[in-house]
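Report on one structure; see the data block that follows.
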Amino acid sequence: MPTQSPYEIFDEETVEDDSSTSSFTLTDAQKETIVFNFEKAEKLLLEASEKDAKIALLETKEKDNKLVNLLEVREYNDKIVSLLLEIKEKDDKIVSLLSEAKEKDVEMLKLQDKMLGLLSGTREKDDRMQSQALNRLASLQKRAHAILSQNFELHECPFPRLFIILPVDRPRWDSADVLKNKFRLHFLCESGGHTTMPGKSSQSQIHITKHDGYEVRDCTGIVRKYGKYMLILLHWLKLGMPSSASSAPDSSLIDIGTDCLMGYMDALSKKHPDLNNINTIDDYEGLERAELRELRTFLRTNNDDRQIDDLYRVATGTGHFKWVCLDHYRPTLKEQEQKAFESAVMANGGKYDAYIGKVIVTLESRTKAEKFFTILTNARRVYELDITFDWDWTEVELEAFENVLKTNKALTILDLGYNSIGNDGVVALSEALKVNKTLTALDMKYNFIGDEEALALSKALETNTTLTALNLECNSIGKEGILALSEALKVNTTLSTLNLGTNSLGKEEALALAEALTTNTALISLCLSWNPIGNGGAVALAEALMVNNTLTTLNLGFNAFGTEGALALAEALATNTALTTVDLKGNSIGIEGAFALSEALQFNVALTLYT
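Numbering (UniProt numbering), first residue to last: 1 to 611.
Rendered as C-alpha cells:
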C-alpha cells in the first residue's frame, strides 16, 4: 500500500484503539514527535538508499575499473606476446644469420686455405722466377766477365775487341722477313774496369762510341759467328746503359738492338735447325784470336790504315791494352811530351798513328838515331814500333837502343824486319829482353840471323816472361841454333807464337823441336814452312802431337815430306783434339796420304786442314 505521510495519518482528531472501542486523541507534541521520527526515518531511508546507490555506483565503477584494468592487462599481455613473437622471429633470423655466417666462415676458411695455397704457389713461383732471374744474371755476369777480362796481345788482335750490332733502320724493321734486315756494327769504348757492374758510374763504364758504325756485309754470317758474343754485350749494356755523351746511342736503342738481334737469331735458328741454341748464352765459351781477326771481313770500310771507329789504344797498369774514345783518351796524354815525340817522328820522315800508338820510322844516321832513342825512352803512347836502320850500326847506337828497350814501359810490339842488325845487334836485343817486362811481340824476319844469334835469343827466352810472339822467318838458323831454341822452349812458359819458316831446318832440327813440344805447354802456334824436314822430321813431329795438347795451329807447308810423313801425321791428327788448323800444302803426300788425312778428319771434326 502507498506510504502515508505522518501528517496524513495524524490529520484526524482521534485514533481508534485496537484493544477497545474507545478512542484517544494525540497531542500536538506527540504528533510532532511522530512526524519527526517519520521524517528522520524517511531521511535515514533516503540516506540508506543514496548510500546503497553510491555503493552500487562505486561497485559498478570499481568493476568497470577492474574491467578496464583487465582489458589493459590483456592488451599489455598481447603486446608482450607480440613482442615475444617478434623477439622469437628475430632470434630465428639471428640463428639463421649465424648459421649462414658460420657457413660463410667455413667457406671463407676454405677460400683462405685456397688463397694460402695460391699464395704459397705464387711465392714458390716468384721464388723460382727470382732464382731463375738471379741464375740468368749470374750466368750473364760470368760470360760478360769472361769476355771483358779476356786479354789479347797487341799482335794477336790489333783492333777493338768489344763490339755489337744495331739495326740500320728500326722504324722499317721487317718483322715478316726478319733475315732481310740490315745491321751496322758499333765498337765499344773500354773506359771502365772490366769487372764493374753496369749502372754504377756512367763516366767509367764501357759504352758505345760517338760513331755511326760500320755497314755489315753479311748480316747472317756475322750473327752466326759472333751472335752470342754480341748478345752477351748487349744484355750487359742493357742492365744499366751508360753513355759518355748525348750523341751516343741511348738505352732505348740498346733495348731495340737487343730485341732485334734476338729476333734475328731466332729466325736464323728456324731456318737452320743446327742453330737451335743460338740464343742460349750458357754454353758460350768465348772467341778465339783468329775469330776476332776475321771481323774485318764482315765490314764495309776503306779505312784500313786508320784505326776504325775513332778509338785509341792505351796501355793498362797490368801491361795489357784497351781501346777508348777520345774523351777518355785525352786524360792519358801529357801534351808537351806527346808533341815532342810526334815532332821527332816527323823529323825522321816517319808516321805516327795516335789511334793505335804505332810508329813507322827509318833512321838514316847516328845523330838522328840518338835523338830519337832519347825521346823514345820516355814515350808513353808508343806501343808498336816498326823501325829500319839505314846505316851501319856501331856499339854506341846498339847500347842506346838496348837502353830504350830496358827502360821503355809502353812498347809491346817491335818490328825489326829487313834489318841487317848482325850478331852485336841480336846480343844487345837479347840482353834487353832479359829485363824488359812489356814487349810481347818481336819480329826479326830477314835479318841474316844464324846459329850464334839464335843462341843469344835462346838465353833471353829462358828468363823472359812477357814475350808471346817471335818471328824468325827467312833467316839462316841451323842445327846449333834450333837445338838452343828447343832447349829454351822446354822452360819458357809465355811464348805462344813462333815462326821459324824458311830457315835451315832438317830432320835433326825437327827432332829437337818435337822433343820440346812434348813438354812445352805454352806454344799454340808454330810455323815450320819451307824447311826440308822430310819424312823423318814429319814423323817425329807427329809423335810429339800424340802427347802435346796445347798447340792449335801448325804450318808444315813445303816441308819436303811424302806419304810416310802424311800417314804419321794423319794418325796423330785423328786423336789430337787441340789442333784446329794444320797447313800441309806443298808436300808430296800422295793418294794414300791424302786418304789417311781425310779419314782423320772424320774423327777430328774441329780441324781445318790445308793440303
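No residue lacks a Cβ here, since even glycine has one placed at the ideal position from N, Cα and C.
Quantities reported herein were computed from a predicted structural model and do not represent experimental measurements.
Asked	Found
Return helix, strand or coil for P160, following the three-state DSSP convention.	coil
Does the distance from the CB of V382 to the CB of A410 come in under 9 angstroms?	yes
On the criterion of 16 or more Cβ atoms from any shown chain inside 10 Å, does D92 qualify as buried, or is it exposed?	exposed
Does the beta-carbon of R296 have 16 or more other beta-carbons within 10 angstroms, so that it is buried, or is it exposed?	exposed
So who's on the other strand from F187, going by DSSP bridges?	F163
Where does the unbroken alpha helix (DSSP H) through I278 begin, and where does it stop?	I278 -> no alpha helix (DSSP H), and no H or E assigned at all.
Within a Cβ cutoff of 7 angstroms, which residues of the same chain sit near A516, ignoring the five residues on either side of it in sequence?	S486, L489 and K490
Quickly, what does DSSP pair L609 with across the bridge? List them, please.	V582
Would you check if there are 3 or more beta carbon pairs closer than 8 angstroms linking the region 387-407 to the region 424-436?	yes
Spatial neighbours of R217 within its chain, please: CB distance less than 6 angstroms, with the 5 preceding and 5 following residues excluded, ordered by chain position.	F298 and R300
When you compare only the Cα positions, how much space is there between D305 and F595?	For D305, the predicted model reports a pLDDT of 43, less than 50, meaning its position is unreliable; a value from the coordinates is still stated below. Roughly 43 angstroms separates the two Cα atoms.
Closest to F603 by C-alpha separation, out of E592, V582, G257 and A574, would be which residue?	A574
Check each candidate in N464, S504 and L609 and name the one with the smallest Cα separation from L495.	N464
Using a Cβ-Cβ cutoff of less than 8 angstroms, which residues in the same chain neighbour V73 once the five nearest sequence positions on both sides are dropped?	none
Give the DSSP-derived three-state secondary structure of I591 in the structure shown.	helix
Take the Cβ of D415 as the centre, count every other Cβ of all protein chains shown within 10 Å, and call the residue buried at 16 or more, exposed below.	buried
Going by beta-carbon coordinates alone, are I165 and C189 separated by less than 9 angstroms?	no
If we ignore side chains and look at the alpha-carbon of each, how far apart do R161 and K322 end up?	9 angstroms
Alpha carbon to alpha carbon, how far is K339 from N503? Give it in angstroms, no decimals.	42 angstroms
Given a cut-off of 9 angstroms, decide if I477 and G506 are closer than it, judged by their beta-carbon atoms.	no
Could you pull the start and end residues of the alpha helix (DSSP H) that W173 belongs to?	Unbroken run through W173: none, as it is neither H nor E.
Pull up the DSSP beta-bridge partners for V361, would you.	I387
So D390 and L363 are supposed to be a Cβ contact under 8 angstroms. How far apart are they, rounded?	7 angstroms
Which residues does DSSP pair with R313 in a beta bridge?	W323
Assuming N279 contacts M262 under a Cβ cut-off of 8 angstroms, what Cβ separation, rounded to an integer in Å, is found between them?	6 angstroms
Tell me the residue span of the beta strand (DSSP E) that contains P502.	The sequence given here places Thr at residue 502; Pro does not occur at that position. Note, T502: premise wrong, no beta strand (DSSP E); not H, not E.
What does DSSP give as the partner residue(s) for V216 in the beta ladder?	L299
Closest to residue 613 by CA distance: which of I482, L467, I356 and K434 is it?	The requested residue 613 does not occur in the structure, where the chain is confined to residues 1 to 611.
Going by Cα to Cα distance, which pick from L523, N555, R224 and F561 is closest to N548?	L523
Under a Cβ-count criterion, where at least 16 other Cβ atoms within 10 Å of its own Cβ denotes burial, should D282 be classed as buried or exposed?	exposed
Kindly identify the DSSP beta-bridge partner or partners of I413.	E384 and A441
Residues bridged to T518 by DSSP?	DSSP, once it has assigned bridges, lists no residue as partnering T518.
Leaving out five residues on either side along the sequence, give the residues of the same chain with a beta carbon under 7 angstroms from the beta carbon of T563.	I589, G590, E592 and G593
Taking F163 and M230 to be in contact with their CB atoms under 8 angstroms, please state how far apart those CB atoms are, rounded to whole angstroms.	7 angstroms
Between the Cα of T316 and the Cα atoms of N471, T438, K406 and E291, which residue gives the shortest distance?	T438
Using the Cα positions of E452 and A484, report the straight-line distance between them to the nearest angstrom.	10 angstroms
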